[in-house]
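Asks:
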Amino acid sequence: MKSRVKKYNSTPFIQFENNQVFEVNNEFIDLTGYSRDEVIGLSIDEIDILLKIDFQIHLVELVDKYTCYLFRKDDEPRFVTISHKNLDYNNSIYFIHEVPSSRIEKYFSYVLTLMSTNERLVELYSYQDQIILLKSNRKNLTFLHYPISNFDSNIGRSHIISEYFIQVIEKGTPFFAQEMEFTSPTGESFYWDFSIVPLHKENNLDYIVFEASDVTEKVRNRQHIMDQNNHLEIILEHISDQIVYIDNNGNFRYMNTVSGKNPLYYFLPMTEDKIVNEGSKFFDIDGNLISYENMPTQRVLRGEIVSSQRIFAINNHISYYVEVSGNPIYDRIGTVVGGVMIYKDLSNMIMVEEFSSLEKITKNLELNYASLTYPDFKIAYINDKGYNTMKMFNLDMELNNISYFLGKDFFDFYSLESDKEKTKMEIIDSLNKNSTCYHSKRFVTKDCEKYLKTIFQPVYGSNSEIIRIIAIALDITEEEKEKELLTQNLKMQEDMLINTSHELKTPLNVIYSSVQLLDFFLENNLLLDNISRFKQINNTIKQNCYRLTKLINNIIDYSRIESGDFKLNLINDNIVKVLKEIVESIEEYAFTKGLKINFVSNIDKKVIAFDPFMLERIILNLISNSIKFTSKGGKIDITLIDNDNYIEISVIDTGIGIDENYLEVIFDKFRQVDSSLTRSAEGFGIGLPLVKSLVELHKGKITVESTLGKGSTFKVELPSVTVENPIDTHPSIVATKRVDNINYEFSDIYDIS
Ligand code: ADP
Numbered sequence: 000m001k002s003r004v005k006k007y008n009s010t011p012f013i014q015f016e017n018n019q020v021f022e023v024n025n026e027f028i029d030l031t032g033y034s035r036d037e038v039i040g041l042s043i044d045e046i047d048i049l050l051k052i053d054f055q056i057h058l059v060e061l062v063d064k065y066t067c068y069l070f071r072k073d074d075e076p077r078f079v080t081i082s083h084k085n086l087d088y089n090n091s092i093y094f095i096h097e098v099p100s101s102r103i104e105k106y107f108s109y110v111l112t113l114m115s116t117n118e119r120l121v122e123l124y125s126y127q128d129q130i131i132l133l134k135s136n137r138k139n140l141t142f143l144h145y146p147i148s149n150f151d152s153n154i155g156r157s158h159i160i161s162e163y164f165i166q167v168i169e170k171g172t173p174f175f176a177q178e179m180e181f182t183s184p185t186g187e188s189f190y191w192d193f194s195i196v197p198l199h200k201e202n203n204l205d206y207i208v209f210e211a212s213d214v215t216e217k218v219r220n221r222q223h224i225m226d227q228n229n230h231l232e233i234i235l236e237h238i239s240d241q242i243v244y245i246d247n248n249g250n251f252r253y254m255n256t257v258s259g260k261n262p263l264y265y266f267l268p269m270t271e272d273k274i275v276n277e278g279s280k281f282f283d284i285d286g287n288l289i290s291y292e293n294m295p296t297q298r299v300l301r302g303e304i305v306s307s308q309r310i311f312a313i314n315n316h317i318s319y320y321v322e323v324s325g326n327p328i329y330d331r332i333g334t335v336v337g338g339v340m341i342y343k344d345l346s347n348m349i350m351v352e353e354f355s356s357l358e359k360i361t362k363n364l365e366l367n368y369a370s371l372t373y374p375d376f377k378i379a380y381i382n383d384k385g386y387n388t389m390k391m392f393n394l395d396m397e398l399n400n401i402s403y404f405l406g407k408d409f410f411d412f413y414s415l416e417s418d419k420e421k422t423k424m425e426i427i428d429s430l431n432k433n434s435t436c437y438h439s440k441r442f443v444t445k446d447c448e449k450y451l452k453t454i455f456q457p458v459y460g461s462n463s464e465i466i467r468i469i470a471i472a473l474d475i476t477e478e479e480k481e482k483e484l485l486t487q488n489l490k491m492q493e494d495m496l497i498n499t500s501h502e503l504k505t506p507l508n509v510i511y512s513s514v515q516l517l518d519f520f521l522e523n524n525l526l527l528d529n530i531s532r533f534k535q536i537n538n539t540i541k542q543n544c545y546r547l548t549k550l551i552n553n554i555i556d557y558s559r560i561e562s563g564d565f566k567l568n569l570i571n572d573n574i575v576k577v578l579k580e581i582v583e584s585i586e587e588y589a590f591t592k593g594l595k596i597n598f599v600s601n602i603d604k605k606v607i608a609f610d611p612f613m614l615e616r617i618i619l620n621l622i623s624n625s626i627k628f629t630s631k632g633g634k635i636d637i638t639l640i641d642n643d644n645y646i647e648i649s650v651i652d653t654g655i656g657i658d659e660n661y662l663e664v665i666f667d668k669f670r671q672v673d674s675s676l677t678r679s680a681e682g683f684g685i686g687l688p689l690v691k692s693l694v695e696l697h698k699g700k701i702t703v704e705s706t707l708g709k710g711s712t713f714k715v716e717l718p719s720v721t722v723e724n725p726i727d728t729h730p731s732i733v734a735t736k737r738v739d740n741i742n743y744e745f746s747d748i749y750d751i752s
């Protein structure tokens with residue numbers, strides 16, 4: 000017979016008949032959340048599992064009563080006391096009393112709140128004989144990784160006890176782990192923050208709150224950032240620019256190390272006093288002084304973005320060209336808390352800019368310009384003129400265009416292979432000793448000879464190191480040639496001086512010995528007995544005085560003509576007549592020398608402008624030479640030909656003639672021929688140059704033709720012109736002067752008799 004427990008019994012119960020659920024009351028349904036249909040007919044073991052009490056008690060084994068947790072259909076735990084009653088041998092009933100005030104909401108509201116956020120895994124365990132999971136938000140969490148994902152932790156089940164739980168249970172103290180690393184079987188690392196906190200309740204039940212959060216991502220991110228930071232730091236440390244982080248007081252917080260120098264020093268927001276004390280000055284690119292307020296750091300700390308501000312900084316010791324950029328850094332509420340400054344050392348860049356503009360300027364200059372690297376003297380730049388010069392001296396090389404030179408060793412072109420090292424050492428030595436090296440060199444090719452003077456000028460970088468050598472070569476060929484000429488002239492002047500003294504000495508000696516002879520006659524009262532001898536001696540003295548006067552006059556006149564101090568006294572006169580008179584005046588003298596002298600003219604009269612005294616000197620000089628170099632029986636013809644535009648006067652002799660070599664230089668002021676030739680001619684050598692100058696003063700021309708052994712022809716051409724205001728010269732003066740002239744001009748060939 001089935002005995003039924005009254006349904007209205009207010010204690011939840013479950014009744015079994017033949018070990019199968021036979022009846023439950025509404026309170027049971029309320030307590031467990033299961034419907035009647037879900038439980039009716041289940042076996043007693045199945046009810047253990049359904050209510051998840053099987054880890055605590057098996058109903059079939061319950062003797063009297065037992066207190067444990069059962070779990071509702073919605074997994075909510077209920078702390079209950081289960082009591083058992085056998086109604087008959089195959090009927091039994093279990094009453095389930097919920098322990099009053101035992102709901103976890105009451106004690107663990109904060110745990111539940113934590114759980115409900117689903118930000119981390121939160122589990123509440125009860126711990127008595129076993130550890131039973133009461134509540135967990137695991138189901139709601141999608142992010143669980145190793146090892147939590149591997150925990151077998153179903154509600155009502157006993158937790159697989161980890162060493163940390165045991166530790167907490169044994170010690171009764173909480174355990175906290177931060178960023179604990181767990182390596183999964185696949186070798187992946189996961190990081191967890193977790194806490195295991197034991198709680199004691201007044202009913203002596205122990206609980207454990209397990210809280211875990213996966214911080215793998217955070218740790219990985221941090222590691223990533225750290226790696227990045229490391230990389231960044233490595234990058235920053237290897238950057239050539241100076242990077243500085245300053246705080247809002249201008250103190251620097253971070254600064255990468257830049258090898259070599261530290262331009263930062265000049266850009267700290269120093270006080271104005273400090274700037275003055277250290278003598279630092281800052282200029283913009285236009286050379287204007289930058290005030291303290293306008294220093295880049297000050298601007299950045301005021302919130303400005305500074306981009307590429309160029310500053311020239313100078314103090315007592317050193318100077319820099321720096322380009323500064325900077326960005327302010329703000330906090331969340333927009334206050335500037337610091338700034339990042341980047342300083343780029345422009346010293347070399349400016350130099351490069353300057354070089355390239357210099358190179359633009361020099362490109363087409365008529366000046367050989369090249370810039371060379373140091374210390375290997377490679378050609379970094381060469382201008383057009385330099386290229387052409389180099390090409391000219393290196394004909395054997397195929398130098399098709401300017402770029403061929405770039406990067407090549409300068410000395411490959413500047414010197415021969417044999418003296419390359421020597422030349423290089425000379426220049427380096429000189430650069431080491433002086434700041435500039437001047438180097439002169441002669442270049443010879445089969446086509447030309449040139450002298451170059453090259454200036455090697457080092458250009459210094461900001462650390463006073465040589466960064467370039469500028470080579471500027473000047474063509475000094477003309478100067479060198481002039482120098483050569485000057486040396487030759489000096490030599491000739493020296494020769495002339497020697498000649499002069501010789502020429503002066505000879506007549507002087509004659510005069511001196513004549514005077515001595517006269518003295519002797521006087522002292523011994525022999526003068527009257529030697530009247531004819533006395534005349535002869537007197538003549539000798541006179542003639543040698545003429546010789547001296549001629550020589551000195553020639554030198555003086557020549558010097559005056561050379562310095563442009565000599566003026567002709569031009570008259571308009573019949574040149575045929577004047578010339579005829581000159582020739583006639585020496586006819587007799589020539590006759591005494593055994594020479595025949597003729598004057599031939601194709602006209603009778605031709606009035607042109609000339610200086611009568613100078614014309615005389617020209618003609619007498621030429622005739623005296625002809626007399627001097629023509630032996631007895633010879634002939635001297637003076638011809639005059641009217642060529643309309645000019646008069647052609649020739650002095651033609653049948654004398655010894657002049658050597659071909661000598662002909663070329665016969666009119667030169669300081670003759671360059673073998674002195675033996677000059678000396679053999681027994682003359683001082685100023686006569687013909689003076690004649691030439693006098694002819695040229697008349698705007699005329701003189702030429703010579705001669706054959707050795709046959710004779711010489713000197714041809715003078717004078718323009719057929721007249722002057723408007725001729726000098727008035729009295730014919731008697733002309734005549735007197737002529738006698739003097741003849742005496743002078745013939746002084747070195749007069750026979751003293
Ligand atoms: P100087 O008569 O003082 O020696 P010149 O200039 O008049 O100087 O002449 C220079 C030289 O030229 C002479 O010494 C001589 O060697 C040569 N010379 C000049 N005229 C003749 C000439 N008609 N025949 C041969 N040699 C001459």
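Numbering (numbering that gives the first Met the number 0), first residue to last: 0 to 752.
Ideal Cβ placement from N, Cα and C applies to all residues, glycine included.
Looking only at its own chain, which residues have a Cβ that is under 7 Å from the Cβ of L371, when we skip the five neighbours before and after it?
Replies: If you number the sequence shown from 1, residue 371 lands on position 372. Only K377, I378, A379, F409, R467, I468, A470 meet the Cβ criterion.
Asks: Check whether the Cβ of G656 sits closer than 8 Å to any heavy atom of the ligand ADP, and report yes or no.
Replies: For the purposes of this step, residue 656 is taken as the residue at position 657 of the sequence shown. Because some heavy atom of the ligand ADP lies under 8 Å away, the Cβ of G656 counts as near it: yes.
Asks: Considering only residues of the same chain and omitting the five flanking positions on each side of I13, which have a CB-CB separation below 8 Å?
Replies: Position 14 of the sequence shown holds residue 13. Answer for I13: V20, E22, V23, F27, V38, I46, I92, Y93, I95, listed in chain order.
Asks: Name the residue from K627, P76, T66 whose alpha carbon lies nearest to the alpha carbon of D128.
Replies: Position 129 of the sequence shown, counting from 1, holds the residue named residue 128. Out of K627, P76, T66, T66 has the C-alpha closest to the C-alpha of D128.
Asks: Which of the three DSSP states, helix, strand or coil, is assigned to T112?
Replies: By 1-based counting over the sequence shown, the position of residue 112 is 113. Of the three classes helix, strand and coil, the one that applies to T112 here is helix, per DSSP.
Asks: Start and end of the alpha helix (DSSP H) containing T548?
Replies: To locate residue 548, count along the sequence shown from 1; it is residue 549. That run of the alpha helix (DSSP H) goes 530 to 561.
Asks: What do you get for C447, buried or exposed, if any count of 16 or more other CB atoms within 10 angstroms of its CB means buried?
Replies: On the sequence shown, residue 447 is found 448 positions in, with the first residue counted as 1. Burial call: exposed.
Asks: Buried or exposed: where does N660 fall if 16 or more other Cβ atoms within 10 Å of its Cβ makes it buried?
Replies: Taking the first residue of the sequence shown as 1, we reach residue 660 at position 661. It counts as exposed.
Asks: Count the other C-beta atoms from every protein chain shown that fall within 10 angstroms of the C-beta of K134, then say buried if there are 16 or more, exposed otherwise.
Replies: As a position in the sequence shown, residue 134 is number 135, starting the count at 1. Result: buried.
Asks: Helix, strand or coil: which one does DSSP assign to K390?
Replies: As a first step, residue 390 must be located in the sequence shown, where it is residue number 391. If DSSP states are grouped into helix, strand and coil, K390 belongs with the helices.
Asks: Which of the three DSSP states is assigned to R156 in this structure?
Replies: The residue you call residue 156 lines up with position 157 of the sequence shown. Residue state, collapsed to three classes: coil.
Asks: Work out the CA separation of L484 and V443 for me, nearest whole Å.
Replies: Here residue 443 refers to the residue found at position 444 when the sequence shown is read from its first residue. Here residue 484 refers to the residue found at position 485 when the sequence shown is read from its first residue. Cα-Cα distance, rounded: 19 Å.
Asks: Secondary structure at S584, three-state DSSP: helix, strand or coil?
Replies: On the sequence shown, position 585 is the one that residue 584 refers to. In the structure shown, S584 sits in a helix (DSSP, three-state: H, G or I).
Asks: Hey, S719 and K605 are a contact pair by Cβ (cut 8 Å); roughly how many whole angstroms apart?
Replies: Translated into the one-based positions of the sequence shown, residue 719 becomes position 720. Translated into the one-based positions of the sequence shown, residue 605 becomes position 606. Indeed they touch by this definition, with Cβ atoms about 7 Å apart.
Asks: Alpha helix (DSSP H) containing L662: first to last residue?
Replies: One-based indexing of the sequence shown puts residue 662 at position 663. Element bounds for L662: 659 to 664.
Asks: How many whole angstroms separate the CB atoms of T653 and G710, which I take to be in contact at a CB cut-off of 8 Å?
Replies: Along the sequence shown, one-based indexing puts residue 653 at 654. Along the sequence shown, one-based indexing puts residue 710 at 711. Their Cβ separation, rounded to whole angstroms, is 4 Å, which keeps T653 and G710 in contact under 8 Å.
Asks: Just verifying my parser: in three-state terms, what is the DSSP assignment at F164?
Replies: As a position in the sequence shown, residue 164 is number 165, starting the count at 1. Residue state, collapsed to three classes: helix.
Asks: Find out if the Cβ-Cβ distance for the pair I622, V650 is shorter than 9 Å.
Replies: Start at 1 with the first residue of the sequence shown, and residue 622 comes out as number 623. Start at 1 with the first residue of the sequence shown, and residue 650 comes out as number 651. For I622 and V650, yes; Cβs fall inside 9 Å.
Asks: Under a three-way DSSP split, which group does I454 fall into?
Replies: Here residue 454 corresponds to residue number 455 of the sequence shown, with the count starting at 1. Strand, per DSSP.
Asks: Return the CA-CA distance between N724 and I574, expressed in angstroms with no decimal places.
Replies: Start at 1 with the first residue of the sequence shown, and residue 724 comes out as number 725. Start at 1 with the first residue of the sequence shown, and residue 574 comes out as number 575. For N724 and I574, the distance between alpha carbons rounds to 17 Å.
Asks: So the alpha helix (DSSP H) D610 belongs to, where does it begin and stop?
Replies: Locating residue 610 in the sequence shown gives position 611, counting from the first residue. Note, D610: premise wrong, no alpha helix (DSSP H); not H, not E.
Asks: Excluding sequence positions up to five away, which residues of its chain have a Cβ less than 7 Å from the Cβ of S324?
Replies: Stepping through the sequence shown from its first residue, residue 324 is reached at position 325. These residues qualify, in order along the chain: V305, S306, S307, I341.
Asks: What residue range is occupied by the uninterrupted beta strand (DSSP E) comprising G708?
Replies: Position 709 of the sequence shown, counted from the start, is the residue given in the question as residue 708. Segment: none, G708 is in no beta strand (DSSP E) and carries neither H nor E.
Asks: So, using beta-carbon positions, are L717 and F609 closer together than 9 Å?
Replies: Reading the sequence shown from its first residue, position 718 is the one you call residue 717. Reading the sequence shown from its first residue, position 610 is the one you call residue 609. Against a cut-off of 9 Å, the Cβ pair of F609 and L717 comes out as a contact.
Asks: Helix, strand or coil for R678 per DSSP?
Replies: In the sequence shown, residue 678 corresponds to position 679, counting from 1. Note on R678: pLDDT 41, under 50, position unreliable in the model; no value is reported.
Asks: Excluding five sequence neighbours on each side, which residues of the same chain lie with their C-beta closer than 6 Å to the C-beta of F404?
Replies: By 1-based counting over the sequence shown, the position of residue 404 is 405. So the list reads I378, I381, once near-sequence residues are dropped.
Asks: Over what stretch of residues does the beta strand (DSSP E) that includes R77 continue unbroken?
Replies: In the sequence shown, counting from the first residue as 1, residue 77 sits at position 78. Counting along the chain, the beta strand (DSSP E) containing R77 begins and ends at 76 to 87.
Asks: For a quick check, are the C-beta atoms of V167 and V196 less than 9 Å apart?
Replies: Here residue 167 is taken as the residue at index 168 of the sequence shown, counted from 1. Here residue 196 is taken as the residue at index 197 of the sequence shown, counted from 1. Yes, the pair counts as a contact, with Cβ atoms nearer than the cut-off.
Asks: Among residues of its own chain, excluding the 5 on either side of N85, which ones have a beta-carbon nearer than 7 Å to its beta-carbon?
Replies: For the purposes of this step, residue 85 is identified with residue 86 of the sequence shown, where counting begins at 1. Contacts found: S91.
Asks: Residue ranges of each beta strand (DSSP E) run of no fewer than 3 residues wholly in the region 189 to 244, ordered along the chain?
Replies: With a minimum length of 3 residues, the continuous beta strand (DSSP E) runs that stay inside the region 189 to 244 are 205 to 213.
Asks: Using CA coordinates, which residue listed in Q542, I536, I551, V321 is at the minimum distance from S500?
Replies: Translated into positions along the sequence shown, residue 500 becomes position 501. Among Q542, I536, I551, V321, the Cα nearest to that of S500 is on I551.
Asks: Going by the C-beta, is D652 closer than 8 Å to any heavy atom of the ligand FAD?
Replies: As for the ligand FAD, it is missing from this structure, which binds only the ligand ADP.
Asks: Tell me which same chain residues have a C-beta within less than 6 Å of the C-beta of L693, skipping the five on either side of it?
Replies: Within the sequence shown, residue 693 is the residue found at index 694, counting from 1. So the qualifying residues of the chain are M613, I617.
Asks: Express the C-alpha separation of F666 and D636 in angstroms, rounding to a whole number.
Replies: Residue 636 sits at position 637 when you count from the first residue of the sequence shown. Residue 666 sits at position 667 when you count from the first residue of the sequence shown. One C-alpha to the other measures close to 21 Å.
Asks: Between S500 and the ligand ADP, is the CB less than 8 Å from at least one heavy atom?
Replies: Along the sequence shown, one-based indexing puts residue 500 at 501. S500 Cβ: outside cutoff for every heavy atom of the ligand ADP.
Asks: Which stretch, first to last residue, makes up the beta strand (DSSP E) that contains D474?
Replies: The sequence position of residue 474 within the sequence shown is 475, counting from 1. 465 to 474 is the span of the beta strand (DSSP E), which, as asked, contains D474.
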